[in-house]
C-alpha cells in the first residue's frame, strides 16, 4: 500500500508515471471522456485548515472517476481528543478507500498512515505540500515539453511548498533555487535530509533576486504568511518586501520564463497584478491541474 506523505518517499518513476497518468486523464476529460476507474470507492477528506483548491479538486476528481467523497473536520473525526488517533485511523480507513488530510502537523499525517488500512495523502502540512508540487511539475512539463534541466527559482518564503518543490526538482533532475532572506531560508534539518536523500540535487540558496532568476525557466512564489502564521504577517511583509515578484523581476529573467503561484495570491504583496495576469503566468492553468493531478494520483493509489 502506497501513501503520499512527502515526496522523499516517491521514486522518480512513480512521480513521472503519476504525472503522465494525470496528463492522459486531462486529455480524455477534454474530449468528454471520464473513465470510471474507481466506481464504488470512497475518499474521506479530514481538514484542520480551510481550502478551495485541495478540497474541491480531490472531491471532483473522485466523482469524475466514478467514486464518492465525504468531508470531516479534524474535530468531527475525533482525533483532537474525543478518541485516540490510532482508533480513528483504524475505523475511518475501514469505511473508505483513501484519506486526504490537510493539517498543521506532518507527524499527525504520518501517524494516521501508520495505523490506516488505506492510502493516506498529505493534502498540506506546515512542512510539505506534495500534491501541489506534483501539480506544479505537471504544469511545467505541459508548458515546456520537458523537465530535464529545467531551472525553477522560488522567490519568497522557504515554506512547505518550496520544500516540496526542492525535493521533486532533485528527484527529476531539475535545478532549484531558493531566493529568500536569511531568516526565511530552509532550516538545517531539511537541508541535511535533502542532502542525505538527494546528494546530487542541484540546489542553490541566495538572497539576490536578480541573480536567482537570471537563468530561470520558471519563477514561483507563494504568500509570505501561510495559514497559522497570521500573527507574523506584518513582520513578514517588511522582511519579504524586496522579494516581491513584479515586472522588474520578470524582466531580469529570460523572456520565455514562466510564472507560477499555487494560490491564493495576495496581490500587491508577493506578486503584482501585471505578473500574475500577464502572458508568462500559468497560475490558473496550474490551479486547474490540481484536479487532473488528483485524478492521476487517486487512480494510481487506488486503481
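Numbering (my numbering), first residue to last: 106 to 408. Ideal Cβ placement from N, Cα and C applies to all residues, glycine included.
Leaving out five residues on either side along the sequence, give the residues of the same chain with a beta carbon under 8 Å from the beta carbon of residue 333.
154, 209, 231
Quickly, what does DSSP pair residue 207 with across the bridge? List them, please.
152, 229
Hey, out of 224, 371, 394, whose CA is closest to residue 246's CA?
394
Beta carbon of residue 264 nearer than 8 Å to that of residue 339:
no
Can you tell me where the alpha helix (DSSP H) holding residue 284 begins and where it ends?
Residue 284 -> not in any alpha helix (DSSP H); beta strand (DSSP E) instead, spanning 280 to 284.
When DSSP builds the beta bridges, which residues end up paired with residue 376?
The partner list for residue 376 (beta bridge, DSSP) reads 350, 372.
Going by the CB atoms, is the gap between residue 299 and residue 275 shorter than 8 Å?
yes
Need the endpoints of the alpha helix (DSSP H) that residue 177 sits in, please.
Note, residue 177: premise wrong, no alpha helix (DSSP H); beta strand (DSSP E) at 173 to 178.
Which residue comes first and which comes last in the beta strand (DSSP E) that contains residue 256?
256 to 260
Residues bridged to residue 363 by DSSP?
323
Which residues mark the beginning and the end of the beta strand (DSSP E) in which residue 168 is found?
Run containing residue 168: none in the beta strand (DSSP E); it sits in the alpha helix (DSSP H), 158 to 169.
Meets three-Cβ-pair contact criterion under 8 Å: the segment 110 to 126 and the segment 161 to 176:
no
Looking at C-beta atoms only, is the number of pairs between the segment 296 to 310 and the segment 349 to 357 that lie closer than 8 Å three or more?
no
Give me the Cα-Cα distance between residue 179 and residue 193, rounded to the nearest whole angstrom.
10 Å
Can you check which of these residues, 378, 368, 195, 407, is closest to residue 389 by C-alpha distance?
368
Start-to-end residues for the alpha helix (DSSP H) that takes in residue 244:
235 to 249
Output yes or no for whether 8 Å exceeds the beta carbon distance between residue 322 and residue 255.
yes
Which of the three DSSP states is assigned to residue 147 in this structure?
strand
Buried versus exposed, by CB contacts within 10 Å (16 or more), residue 250
exposed
Touching or not, the segment 185 to 200 and the segment 363 to 378, by the rule of three or more beta carbon pairs under 8 Å?
no
Could you tell me which residues DSSP pairs with residue 311 in its beta bridges?
284
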